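A.B. asks:
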Amino acid sequence: MTSATSMRTGLCGEVGVADVGKEVRLCGWVARRREHGEHLAFVDLRDRSGIVQCVVEGSADLRSEYVVAVRGTVRRRPPGMENPALATGEVEVGDCTVEVLATAEPPPFVVEDRAEVDEAVRLRYRYVDLRRPRMQANLRLRAAVVGAIRRAMDRQGFCEVETPLLWAPTPEGAREFAVPSRLHRGAFYVLPQSPQIAKQLLMVGGFDRYYQIARCLRDEDLRADRQFEFTQLDMEASFVTQEDVLGFVSEAVLEAAETATGERPPAIDRMTWAEALDRYGTDKPDLRIPTALVDLSEVFAKTEVRAFTAPTVKGLRVVGGAATSRSGLDALVERAKALGAAGLAWFRVTEHGEDGLPGLDSPLARVLSDAERAGLVRATGAVPGDLVLAVADEHRTACTVLGQLRVEVAGTPVGQGPYRYVWVVEFPLFESIAADGHPVAAHHPFTMPHPDDVERMKTDPLSVRSQAYDLVLNGWELGSGSVRIHRADIQARVFSALGISDEDAASRFGFLMGAFRYGAPPHAGFAFGIDRLIAVLAGEESIREVIAFPKTQSGADLLTGAPKELPASQLAELGLRTAQPR
RNA sequence: GGACCUGUGGUGCAGCUAGGAGUGCACGCCGGCCUGUCAAGCCGGAGGUCGCGGGUUCAAAUCCCGUCAGGUCCGCCA
16 MTSATSMRTG LCGEVGVADV GKEVRLCGWV ARRREHGEHL AFVDLRDRSG IVQCVVEGSA
76 DLRSEYVVAV RGTVRRRPPG MENPALATGE VEVGDCTVEV LATAEPPPFV VEDRAEVDEA
136 VRLRYRYVDL RRPRMQANLR LRAAVVGAIR RAMDRQGFCE VETPLLWAPT PEGAREFAVP
196 SRLHRGAFYV LPQSPQIAKQ LLMVGGFDRY YQIARCLRDE DLRADRQFEF TQLDMEASFV
256 TQEDVLGFVS EAVLEAAETA TGERPPAIDR MTWAEALDRY GTDKPDLRIP TALVDLSEVF
316 AKTEVRAFTA PTVKGLRVVG GAATSRSGLD ALVERAKALG AAGLAWFRVT EHGEDGLPGL
376 DSPLARVLSD AERAGLVRAT GAVPGDLVLA VADEHRTACT VLGQLRVEVA GTPVGQGPYR
436 YVWVVEFPLF ESIAADGHPV AAHHPFTMPH PDDVERMKTD PLSVRSQAYD LVLNGWELGS
496 GSVRIHRADI QARVFSALGI SDEDAASRFG FLMGAFRYGA PPHAGFAFGI DRLIAVLAGE
556 ESIREVIAFP KTQSGADLLT GAPKELPASQ LAELGLRTAQ PR
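Per the working numbering, residue 16 is the first one in the first sequence, and the count goes up by one each step.
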């Protein structure tokens, strides 16, 4: 493939030593110019591929970001004049004639990566921001990753099917964006939170391997890793088990990662949800951090220390953490309380004392027994210079609080270090018990319970495992999936456990349940967030950096001004009347 | 719904703790000089309701209250 067009012979960044002597015509933006009177000017010409220096004999009369076409001859730079900082630095385009294709006002900020610009300014002038190498690289990486995913899914026999954006409200789960119907006044479509139900219908429809690069929309508050609109690889397959799905998705993710990094990651690790909670205090463990939570309940089983009298005591070794200042430790204690713990114990580990016991610098050091001192240090593996943090509480609280501190104290930015993928399997079927006494579905109500646990759905619902699984990368949840219920009897039992009546089920999911009456194959699927995957692979902290036109945290589009009020005529046509704005 | 951080020429900052004239720095911009620069250099210049509103004060970028915008997080995200 050539990048030549009727207007240009190639791209700026592709000009090299091999082109010496050739006449070229290049198009792009004036990145920078260095003029030496009326006799000589250097113009750095930029297009999406990079920058090349063009030499104009005479006065150039150009301004930053003018769009120009340059005709000239590629030549080696004079000895000593090469610029190693530039990919094209060994050559230049000489004897240039320049045609201005479009003039430009001075840009609001310099089109260079090193210029740090307020994000609000970048978003208001996103079309300028997109010229910067960082955004060019991120969006091109995105395109490459999506291409790799499509290839992997095609290769595995999946069929891409589009599903509707205008869908029916299903009063469950995330807030939906509503779209008023002009032809049916007072009635609304909603934009899909995901194609979940549509893809299950496709399974009933005999598309036994479906996938889609699907836009999903959720009207929930935005975050660095959450936008109203995001893109998922959505997939579903029939006559498969969980193992098959993990294999399909792994193939797509590993192919995408190889495309992005040039290196195929090793097979993806796997752990149960219970293990993730116990060792990392979260369902999205960051395995780049070498330390894990340690159970100290045994050490403090018979403790006299009231602070450690709790169902579970969890400890965390912070390598080199003994240097933490007292104010820093106080802040950690406050943070632990804010996260829901009753308190946080800390121990600076020092050299062994004369009694042969590890030295502990802590307000609690005096009250610990010798066995507890030794056990604390032995269990955590701490050495002098380390810090040990401990939380005593209910098992879940102790784990989650310390797990959060593990990330905050020992973690690194998401894009740094190795990429550690992990499957978290055997999620609980229910995540909590609601005020009405019924359990709340952890994933969605079509998730298949673990066959060994079905009988406990009524008696001990929180102990029921499901055939649901998450894919996690460097502490980011990339996506989740499950084996779906395809049998009416099991579905009825789950609805019953959830407290969903037959009438409720019929009104919410009636068309899906109806479809299942006509022969539903066993099926399972997955969906993962492509924005998040690309952000991590691009080393970005926010998915906004891998989206061309993202919204701000308040959901505004600073470029278009959306959301905006509609003219009264349009409201009338839609049969809408608005309340007083807040 | 809540917590915290930020808001000063086009851009990025300093100034705010301890009130005293829109003060400073870097980049950019405009003009001039300059035939090998490359984040060009040198000389000169323009450009600001200190986010907005109110309060305290003889005096507010600075202190107080409110509000708006951007960001990070909690809630929320089946």
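Yeah, the Cβ is synthetic: ideal placement off N, Cα and C, and Gly gets one too.
Since the model is a prediction, treat every value here as computed from it, not as a measurement.
1. Could you give the uninterrupted runs of the beta strand (DSSP E) lying entirely in the stretch 265-294, keeping only those of 3 residues or more?
2. What residues match up with Gln68 in a beta bridge as DSSP calls it?
3. From what residue to what residue does the alpha helix (DSSP H) around Cys42 run?
4. So, helix, strand or coil for Arg597, using DSSP?
5. Report the rounded CA-to-CA distance for Val82 versus Glu107, giving the unit in angstroms.
6. I believe Asp144 touches Arg155 by the beta-carbon criterion, under 8 angstroms. Please report the beta-carbon distance rounded to the nearest angstrom.
7. Among Ser64, Val115, Ala84, which one has its Cα closest to the Cα of Ala102?
8. Residue range of the beta strand (DSSP E) that Met250 falls in?
9. If you check the beta carbons only, do Gly400 and Ala337 fall under 7 angstroms apart?
10. When the Cα atoms are used, what is the spatial distance from Arg597 to Ala183?
11. Which residues does DSSP pair with Tyr434 in a beta bridge?
12. Measuring alpha carbon to alpha carbon, tell me which of Val219, Phe222, Gln227, Gly220 ends up nearest Ala167.
13. May I have the straight-line CA-CA distance separating Leu180 from Asp76, to the nearest angstrom?
14. Counting C-beta neighbours from all protein chains within 10 Å, is the total for Tyr533 16 or more, i.e. buried, or is it exposed?
15. When the Cα of Leu311 is compared with those of His538, Pro305, Ala163, Leu331, which residue comes out closest?
16. Report the rounded CA-to-CA distance for Arg512 versus Met250, giving the unit in angstroms.
17. Out of curiosity, what's the CA-to-CA distance linking Pro378 and Phe315?
18. Hey, which unbroken runs of the alpha helix (DSSP H) at 4 residues or more fall wholly within the stretch 159-234?
19. For Lys579 and Val219, I'd like the C-alpha separation in whole angstroms.
20. Grab the span of the beta strand (DSSP E) containing Thr327 for me, first residue to last.
21. Taking His410 as the reference, give the member of Gly296, Trp438, Leu302 with the closest Cα.
22. I believe Asp234 touches Arg190 by the beta-carbon criterion, under 8 angstroms. Please report the beta-carbon distance rounded to the nearest angstrom.
23. CA-CA distance, Ala449 and Leu477?
24. Can you tell me which of the three DSSP states Gly540 falls into?
25. Run through the DSSP bridge pairs and tell me what Arg13 is partnered with.
26. Excluding the 5 residues flanking Asp128 on each side, which residues of the same chain have their C-beta closer than 7 angstroms to its C-beta?
27. Please say whether Pro300 and Gln289 have beta carbons closer to each other than 7 angstroms?
28. Taking only three categories from DSSP, how would you classify Gly418?
29. Quick check: Ile164 and Ala267, are their CB atoms within less than 7 angstroms of each other?
30. Reducing DSSP to helix, strand and coil, say where Gly496 ends up.
31. In angstroms with no decimal places, state the Cα-to-Cα distance between Ser447 and Thr415.
32. On a Cα-Cα basis, can you pick out the residue from Gly390, Glu97, Arg40 that is closest to Val32?
33. Look up Ile448 in the DSSP assignment and give the residues it is bridged to.
34. According to the Cβ coordinates, are His501 and Pro464 closer than 7 angstroms?
C.D. replies: Looking at the coordinates:
1. Listed in chain order, the complete beta strand (DSSP E) runs (minimum 3 residues) inside the stretch 265-294 are 284-287.
2. In DSSP, Gln68 forms a bridge with Asp59.
3. Counting along the chain, Cys42 falls outside any alpha helix (DSSP H), though it belongs to the beta strand (DSSP E) covering 38-51.
4. Because the pLDDT at Arg597 is just 48, under 50, the model does not fix this residue reliably, and the value given afterwards should be weighed accordingly. Correct three-state label for Arg597: coil.
5. Looking at the two C-alpha atoms, the distance is approximately 19 angstroms.
6. With a Cβ gap of about 15 angstroms, Asp144 and Arg155 do not count as contacting.
7. When only C-alpha atoms are compared, the closest one is Ser64.
8. Element bounds for Met250: 244-253.
9. In contact: Gly400 and Ala337 (Cβ atoms closer than 7 angstroms).
10. Because the pLDDT of Arg597 is 48, which lies under 50, any placement of that residue in the model is unreliable, and the number read from its coordinates should be weighed accordingly. So the alpha carbons of these two residues sit roughly 28 angstroms apart.
11. DSSP output for Tyr434 lists no bridge partner at all.
12. The shortest C-alpha separation from Ala167 is found at Gln227.
13. Cα to Cα, Leu180 sits roughly 50 angstroms from Asp76.
14. By the neighbour-count rule (16 or more Cβ atoms within 10 Å), Tyr533 is not buried but exposed.
15. Closest by alpha carbon: Leu331.
16. The question names Arg, but residue 512 in the sequence shown is Ala. C-alpha separation (whole angstroms): 28 angstroms.
17. Looking at the two C-alpha atoms, the distance is approximately 17 angstroms.
18. At a cut-off of 4 residues, the continuous stretches assigned as alpha helix (DSSP H) that sit fully inside the stretch 159-234 are 211-219.
19. So the alpha carbons of these two residues sit roughly 41 angstroms apart.
20. DSSP places Thr327 in the uninterrupted beta strand (DSSP E) bounded by 327-333.
21. Comparing Cα positions, the closest option is Gly296.
22. Contact annotation, Asp234 with Arg190: C-beta distance approximately 4 angstroms; criterion of less than 8 angstroms satisfied.
23. Roughly 12 angstroms separates the two Cα atoms.
24. Three-state result, Gly540: strand.
25. There is no way to answer for residue 13, as the model of the chain reaches only from 16 to 597.
26. Taking Asp128 as the centre and dropping the five residues before and after it, the same chain places the C-beta of Arg147, Pro148, Arg149 closer than 7 angstroms to its C-beta, in chain order.
27. Here residue 289 turns out to be Ala, not Gln, going by the sequence shown. It is not a contact, given that the beta carbons lie outside the stated cut-off.
28. Residue state, collapsed to three classes: helix.
29. Result yes, Cβ atoms of Ile164 and Ala267 sit closer than 7 angstroms.
30. Of the three classes helix, strand and coil, the one that applies to Gly496 here is strand, per DSSP.
31. Straight across, the Cα-Cα distance linking Ser447 with Thr415 is about 15 angstroms.
32. Cα-wise, what sits closest to Val32 is Glu97.
33. Pro454, per the DSSP bridge assignment.
34. No, the pair does not count as a contact, with Cβ atoms beyond the cut-off.
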